[in-house]
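Those letters in the sequence shown? Residues 0 to 414, per numbering that gives the first Met the number 0, in order.
In this text, a Cβ means the ideal position worked out from N, Cα and C, and glycines have one as well.
Structure first, commentary second.
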Amino acid sequence: MISKKDTTEKLWAGRFRVPLDPEVERFSSSLPIDRRLYRYDIRGSIAHSQTLAKAGLLTLRESSRMVKGLKQIEREIDAGAFVFTNEDEDIHMAIERRLTSLVGKVGGKLHTGRSRNDQVAVDVRMYVKDRVNDLIRGVIRFQQALVNCAGHHRDVVMPGYTHLQRAQPVLFAHHLLAYVEMLERDKQRLRDALKRIDVMPLGSGALAGPNFPLDRKYTAHILGFRAVTENSLDAVSDRDFILETLGILSILMTHLSRLSEELILWSSKEFQFVELDDAVCTGSSMMPQKKNPDVPELVRGKTGRVYGHLIGLLTVMKGLPLSYNRDLQEDKVPLFDAVETVSACVNLYPKLFQSITVNREVLAAAVQDEWLFATDLADYLVTRGVPFREAHHIVGRMVRFCSDHHRKFTDFTLK
C-alpha cells in the first residue's frame, strides 16, 4: 500500500534548504524494486540493534523495543498492511520511518554506526545466499529427473551427432547424462560462489567504518555469515559477488538452452525422436494441428535475457571509482530478474522429463543408418593390421562409392 501524501522530512534533509524536487524523487526512488528485501533488511536491523546493545550504545530495553517494532513491521508487510509513502526512497528508509512511529525517538538510534551503504550490501548478500541455495536444490531435482528418465530408457540407442550430422550410435541415456554432468559443474560453481557471498559487510559504515566499537563477528554470527569483510571500502563498493552469480547463471542457462534446442528438434516432425506431454505444450490460434514446444523455446529465449543482465551490470561497474556510487542502485533489477528467470526454468524442466515420451521405434529405425558404423568399420580394419589413416581412407572411399551407386555397406564382404 502506498500513500501519495506524506510530509515526513527526509532522514538526510538536515543540510538542505529546499525539499527534493518531486520528479527527482520519483526518478531516484528504488522502493518499487528493493522492497522485496524487507525480510533481510529487518533481519539485519535486528542484528544491528543487538550489536549496539552489546556495545553499550543501546540499553537492553531499547534494543528489545526495536526488535519488537521491527517484527511488527515484518508482519505488517507480510499482511499487505504496511503503508509506503512517496517520501520512502527505499526499503531501508521506509522501515526506519515506521519503526520511529512505533517506538518513538529511540528508533532514531538504530542507524548508529550504520550507513545505507553497508545496510544494502548485507541485505543483498543475504538475499543472494538464500537464492543460490534454492537454485542448488533446484538443480539437484533437475539432475534427478534426468537420471530417472535415463534409467527408464537405458536400453534405447539413438544416433549421436556432430555438426548436427549423424556420427555414431550412442545410448539415449548417455546423451541425457551429459547434461547431468554439465549441471553438476553448475552446482559446484554455485556452491563455490557461496564461499565469497557468505561474508558480512555490515559494520563498514558509509566507507570508512564506524566510530564505535561494534563487534562485527557477533553480528555475523547472528545473521549466519561465516566471516566478515576485511576492507570497508571494498565491502560497500563492489558487487563482484553479484557478477559472479550472474556469470554462473549465464553458464547454467547456456546448458539449458542447448538442451532446449535439442528438445525442439527432437519433438519436430522432421525428427520425431520424442513427444512432449500436452500439459507442457500449446497450440496455434490459426492452425489446428499445431503442438508447439513453448517451454524449451521460452527457456532458449530467456537465456539471452540472463546474458543481458550480466553484461548490463558489468557495464555499470566498469568505471566506478571507490567507494559507493548511486549507480549501484542498478544492481538489483538484473540480479532479481536473472535469479527469478533461472529459478523458473530450472524448476519447470523436471516436469518435461517426467512426462516425456521417447519414440523407441523411430530411434531404432534411425540407428539402422549404416554410415553410423563407419568408424567401427575403420577400427575393425585397424585390428586386422591396417594403419588407422589408411583404414579411414578406405572406409571413406566405400562411403563415397555407396553414395554414388546407391549401395550399402552390407553389399560388401570382408574378403
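Notebook entry, point to check: How big is the Cα-Cα spacing for I94 and I72?
Noted result: 7 Å
- Task: Please name the residue or residues paired with N291 in a DSSP beta bridge.
- Result: T281
| What are the start and end residues of each continuous beta strand (DSSP E) run of 3 or more residues lying completely inside the region 231-286, in chain order? | none
Measuring alpha carbon to alpha carbon, tell me which residue in Q49, Y37, M92 is nearest R74.
Y37
**Prompt:** Taking buried to mean at least 16 other C-beta atoms within 10 Å of its own C-beta, is P209 buried or exposed?
**Reply:** buried
Work out the CA separation of T58 and I1 for me, nearest whole Å. Here the model assigns I1 a pLDDT of 49, short of 50, so the residue's position is not dependable and the matter cannot be decided.
Is the region 111-122 in contact with the region 194-205, if contact means three or more CB pairs nearer than 8 Å?
-> yes
- Task: Report yes if the C-beta distance between I90 and V66 is below 8 Å; otherwise report no.
- Result: no
Which residue marks the beginning of the alpha helix (DSSP H) containing L145, and which one marks its end? 115-151
* Runs of beta strand (DSSP E) wholly within the region 294-366 (minimum 3 residues, chain order) -> none
query = With a cut-off of 8 Å, do at least 3 Cβ pairs link the region 127-134 to the region 337-346?
reply = yes
Boundaries (first-last residue) of the beta strand (DSSP E) holding T50: From DSSP, T50 is part of no beta strand (DSSP E) but of the alpha helix (DSSP H) over 37-53.
With H, G and I counted as helix, E and B as strand and the rest as coil, what does DSSP make of L170?
strand
(message) Closest to R257 by C-alpha separation, out of I41, I247, P349, A177, would be which residue?
(response) A177
| query | How big is the Cα-Cα spacing for N230 and L134? | reply | 29 Å
Please state the DSSP three-state secondary structure of P200.
coil
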